[in-house]
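**Q**
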Amino acid sequence: MAKSSAACATSPAERIIRGVIALVLIAVVISAPTNWMAIPIGLFALVMAIAAITGKCPNQYFASSPRKAQKNALGVPDATDIVDIKVGRR
Numbered sequence: 027m028a029k030s031s032a033a034c035a036t037s038p039a040e041r042i043i044r045g046v047i048a049l050v051l052i053a054v055v056i057s058a059p060t061n062w063m064a065i066p067i068g069l070f071a072l073v074m075a076i077a078a079i080t081g082k083c084p085n086q087y088f089a090s091s092p093r094k095a096q097k098n099a100l101g102v103p104d105a106t107d108i109v110d111i112k113v114g115r116r
């Protein structure tokens, strides 16, 4: 499996490290005195655990799929068209 970015955990060692990080974060959640600390840390631990199990990057779950740009419907020149600017001459 080839790496698509530096943040992806593709090797077994990287996946094990992410799993250990998730376990440590779960221990922090259990010992957190307030919910305002426990909820975001718990969500991050969940994302890390899923990344450790699947081996995918966490950002791959939230990335949008690339779409083809629509043609300019209003006919206004934009950066994809050649814009000719002549100052002072006609």
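Numbering (my numbering), first residue to last: 27 to 116. A virtual CB, placed ideally from N, CA and C, is assigned to each residue, including glycine.
1) Report the rounded CA-to-CA distance for VAL55 versus MET74, giving the unit in angstroms.
2) Determine the burial state of LEU51: buried for a count of at least 16 other Cβ atoms within 10 Å of its Cβ, exposed for fewer.
3) May I have the straight-line CA-CA distance separating ILE42 from ALA71, to the nearest angstrom?
4) With 16 other CB atoms within 10 Å as the buried threshold, where does ALA89 fall?
**A** Checking against the coordinates, here is how it stands:
1) 14 angstroms
2) Classification for LEU51: buried.
3) Taking the CA atoms as reference points, ILE42 sits about 14 angstroms from ALA71.
4) Per the 10 Å Cβ criterion, exposed.
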